[in-house]
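Report on one structure; see the data block that follows.
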DNA sequence: GATGAATGAGTGTTCATTCAT
DNA sequence: TATGAATGAACACTCATTCAT
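Residue numbers (our numbering), protein chains in the order written: chain A, 16 to 214; chain B, 16 to 214; chain C, 16 to 214; chain D, 16 to 214.
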């Protein structure tokens, strides 16, 4: 209170790019990619559309940049996972870390889930698909029972559902997160143990 | 008058409305709602855009009509479910029938899943959300453990994931459907039995 | 004066396409292709830009349609020329007819000449280039002296120059046209006779 | 100060203005004035757009400066021509020197020819028109036959055509230049001698 | 001698929608 | 049952230009 400059249009030196990303992600997640126009983003930031083009070559590049910035943890997780032995502990750790990665970039992941049709046509669509497949292949034992494969995939999707579809369940957010993680871990454990017993 | 049926542009008496729905659903599911223009639909049918407006008042009404026509089984399932006692058998039957309902209107459900952001702004968004909540409330025991609630929701989402996300797993389509159903039934069973043991 | 309907927005049934072409050609010839915006064309016609798009898929298609409509005589001339024996009389007739063709589509040819850089990137650029080459190859004797080849080409370009670059010479338009044609015929005659004497 | 010249971005002290002109002319001649953006020029030079504005007040000034620098020989030629007696020898010398002037600034003249519609709206349009008229008036005898006037103008345009329209004729460049010049001299000679005979 | 950041005015193009016929 | 012709509002994107640093 008092002090912090004059309040309008100040302090935007050098961080405009960041502010564009923030507002864009918020709007993309809220209304979808196509229904969010550059005009809208620009107006919220009190700059002109042309200013957006100074920082990003196209509309798509905005979402691509967000994707690249925010999914780094996911990429690293996959890389890490590939180098580990395919033990139950590894898989459980993957699930735990993936849960954390999701929580850390919630709006982006919500966007990815709720705009799949759009995302599919965008450059990030393929990258994301690859990543999901990467994760899946780490969690699934080659040659496992089909039911157990489904269980592994379901473990991942339970985490997704936990973020978006269970938000209107009554109860504390953190507790729901924990419960979701528990079910996910349960599924991956069942999948793994069945598979072992067979061999 | 009278005359030869020559194969093109005849024989479509009265079924134009139906044909519009078919093509629209195909395109909506493939490219998304916003990216599918009425021009595109009209061109595929070899009629003019204005013709679409003879059959549907707006673009939104096309998707609404599809939704209403194709989700009747789901609505009936919920109605049926509400009148049944909350036993394990009931729940398993719900899951089975829901799986069948999904399979029977695959493109529409794919559309709903892949265009959630769009659907949310449409009239069908709320209806669908209500239905999903309806289903969920039948499957969940009030006062059950949070983990078991998650398990129930996960049972539903496993079916969804099964339709869309597992399509690139290797294996026969029917077998995958069966496996998915098995995991889903497993989850709902676990949820139910835990809950019973507590009471 | 007196009589002709009410003056505003009447009589435009069915001929809008034609009116667009007329206005577009006028503006393209006057200001160039790039500097003429669709807004400008639409405003002159008192319709919206979108109306232009009902009749033409793109801006380029407007100029393409003009080109196709207006250069038919030129195309036919080339076709005719190819079937004739390569006599002096044929060549003189070609020059005469080409002169007439130019006069009959003056604004288009002016446009083509004054916007060569633009035209080169358009679809019509290549077509036009081919036509010019076609004409040239009819007029030039294979194996003629280089100087005589130049004379033949110069005969064509003299006609062009006559249309555009000599308009500010003093004198009656028709007389200038006749004089230009005379010089052109002279050149083609010289070219032909030299060539004959050599063989 | 001292220091190693490493090859990139050095050694351009003071000659940036020149480099801008070079690149601009190249692009203007290749794609036209309107289709060449300052961004493009700047990118080729690996400087920012703003840097261009340090050296030139507007886009137009770039082409104006090119025009002024490169058409000095043409201006001097006219000045010289005006002071000479109107003999055949003078006229032939004018044609020879004009041919050389064209060859010495080929890209600019190509640009002027291929962007006439654009050039007309630019400041250089009028200057150039005046110059062409100046040349013409030296070559034409006042009161000569209209046909001979056309011949004189055609002599000039033959040189133009020679530069641009005959480039795809087979044959050595230098030989074509010589042939073109020969035809042009021929035309001017015919024009002159006819005129003399009449007086 | 040049850059980073931005603007204002414009571009061609597409869309859902309307309405007289 | 449809079409032909048009509209108004929007969209992504580009441009020449400016100015503080």
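By construction, the Cβ of each residue, glycine as well, lies at the ideal position given by its N, Cα and C atoms.
Stretch-stretch touch, CB-based, cutoff 8 angstroms, three pairs: the region 141–161 of chain A with the region 96–113 of chain A
Three or more beta-carbon pairs drawn from the region 141–161 of chain A and the region 96–113 of chain A are found closer than 8 angstroms, and the two stretches are therefore classed as touching.
Spatial neighbours of residue 206 of chain A within its chain, please: CB distance less than 6 angstroms, with the 5 preceding and 5 following residues excluded, ordered by chain position.
In chain order, 163, 166 and 167 place their CB closer than 6 angstroms to the CB of residue 206 of chain A, counting only its own chain and leaving out the 5 sequence neighbours on each side.
Using a C-beta to C-beta distance shorter than 8 angstroms, which residues of chain A count as neighbours of residue 103 of chain B?
Within 8 angstroms Cβ-Cβ: nothing; residue 103 of chain B doesn't reach chain A, min ~18 angstroms.
In three-state terms, what does DSSP make of residue 71 of chain C?
Reduced to three states, the DSSP call for residue 71 of chain C is coil.
Report yes or no: do the region 112–129 of chain A and the region 190–200 of chain A share at least 3 C-beta pairs separated by less than 8 angstroms?
Yes, since at least three Cβ pairs between the region 112–129 of chain A and the region 190–200 of chain A fall closer than 8 angstroms, the two stretches touch.
Extract the residue ranges of the alpha helix (DSSP H) inside the region 142–202 of chain A, only unbroken runs of 4 or more that lie entirely within it.
Within the region 142–202 of chain A, the complete alpha helix (DSSP H) runs of at least 4 residues are 161–179.
Just how far apart, CA to CA, sit residue 181 of chain B and residue 159 of chain B?
Straight through space, the alpha carbons of residue 159 of chain B and residue 181 of chain B are spaced by roughly 30 angstroms.
Chain B contacts from the region 31–51 of chain A (Cβ-Cβ distance under 9 angstroms):
Listed by position along the chain: 43, 44, 45, 46, 47, 48, 49 and 50.
Beta-carbon proximity check, residue 129 of chain A vs residue 50 of chain B, cutoff 8 angstroms
Contact: no.
Within this structure, are the beta carbons of residue 40 of chain C and residue 56 of chain C separated by less than 8 angstroms?
Not closer than 8 angstroms, so no.
Can you pull the chain A neighbours of residue 195 of chain B, defined as C-beta to C-beta under 7 angstroms?
Annotation: Cβ neighbours of residue 195 of chain B in chain A (cutoff 7 angstroms, chain order): 165.
When you compare the CB positions of residue 86 of chain B and residue 120 of chain B, do they come within less than 8 angstroms of one another, or not?
With contacts defined as CB atoms closer than 8 angstroms, residue 86 of chain B and residue 120 of chain B qualify as a contacting pair.
7 angstroms Cβ cut-off: residues of chain B touching residue 161 of chain A:
Ordered by position in chain B, the residues that pass the 7 angstroms Cβ test against residue 161 of chain A are 186, 190, 191 and 194.
Provide the residue span of the alpha helix (DSSP H) that contains residue 48 of chain A, from first to last.
Here residue 48 of chain A belongs to no alpha helix (DSSP H), and DSSP marks it neither H nor E.
Run of the alpha helix (DSSP H) containing residue 104 of chain C, from where it starts to where it stops
Where residue 104 of chain C is concerned, the enclosing alpha helix (DSSP H) stretches over 103–119.
Cβ neighbour criterion (16 or more within 10 Å) applied to residue 195 of chain D
Buried, since its Cβ has 16 or more Cβ neighbours within 10 Å.
Just curious, the alpha helix (DSSP H) that residue 92 of chain A is in, first and last residue?
Note, residue 92 of chain A: alpha helix (DSSP H), 87–98.
Can at least three beta-carbon pairs, one atom from the region 123–140 of chain A and one from the region 55–73 of chain A, be found at a separation below 8 angstroms?
Touching, no, given that fewer than three Cβ pairs across the two stretches are closer than 8 angstroms.
Checking contacts by CB at 8 angstroms: is residue 132 of chain A closer than that to chain B?
Chain B, which has a Cβ nearer than 8 angstroms to the Cβ of residue 132 of chain A, makes this yes.
What do you reckon, is the C-beta of residue 69 of chain A under 7 angstroms from a heavy atom of the ligand MN?
Although the ligand MN was asked about, the structure shown includes no ligands whatsoever.
Chain C residues whose Cβ lies nearer than 7 angstroms to that of residue 180 of chain D
Residue 180 of chain D reaches chain C at 168 and 172, counting residues in chain order whose Cβ is nearer than 7 angstroms.
Which term fits residue 36 of chain C, buried or exposed, when burial requires 16 or more other beta carbons within 10 angstroms of its beta carbon?
Burial check for residue 36 of chain C: the Cβ neighbour count within 10 Å reaches 16 or more, so the residue is buried.
Is the beta carbon of residue 81 of chain C less than 8 angstroms from the beta carbon of residue 150 of chain C?
For residue 81 of chain C and residue 150 of chain C, no; Cβs fall outside 8 angstroms.
So what's residue 62 of chain B in DSSP terms, helix, strand or just coil?
Residue 62 of chain B: coil per DSSP, three-state reduction.
Do we get a CB-CB distance below 8 angstroms when we pair residue 209 of chain A with the residues of chain B?
Answer no: the Cβ-Cβ gap between residue 209 of chain A and chain B never drops below 8 angstroms.
Helix or strand or just coil, what does DSSP make of residue 137 of chain D?
In this structure, residue 137 of chain D counts as coil in the three-state DSSP scheme.
Just how far apart, CA to CA, sit residue 60 of chain B and residue 54 of chain B?
Those two C-alpha atoms are separated by around 10 angstroms.
Exposed or buried, which one is residue 212 of chain A when buried takes at least 16 other CB atoms within 10 Å?
Exposed, since its Cβ has fewer than 16 Cβ neighbours within 10 Å.
C-alpha distance - residue 204 of chain A paired with residue 148 of chain B, whole-angstrom precision
Answer to the nearest angstrom: the Cα atoms are 29 angstroms apart.
Measure from the alpha carbon of residue 141 of chain B to the alpha carbon of each residue in B/46, B/101, B/175 and B/79, then state which is nearest.
Measuring C-alpha to C-alpha distances from residue 141 of chain B to each of B/46, B/101, B/175 and B/79 identifies B/79 as the nearest.
Between B/84, B/127 and B/100, which has its C-alpha nearest residue 45 of chain B's C-alpha?
Closest in alpha carbon position to residue 45 of chain B, among B/84, B/127 and B/100, is B/127.
Would you mind giving the Cβ-Cβ distance between residue 178 of chain C and residue 117 of chain C, rounded to the nearest angstrom? I have them listed as a contact below 8 angstroms.
Sure, about 6 angstroms apart at Cβ, within 8 angstroms.
Any beta-carbon of chain B closer than 8 angstroms to the one on residue 116 of chain A?
Chain B, which has no Cβ nearer than 8 angstroms to the Cβ of residue 116 of chain A, makes this no.
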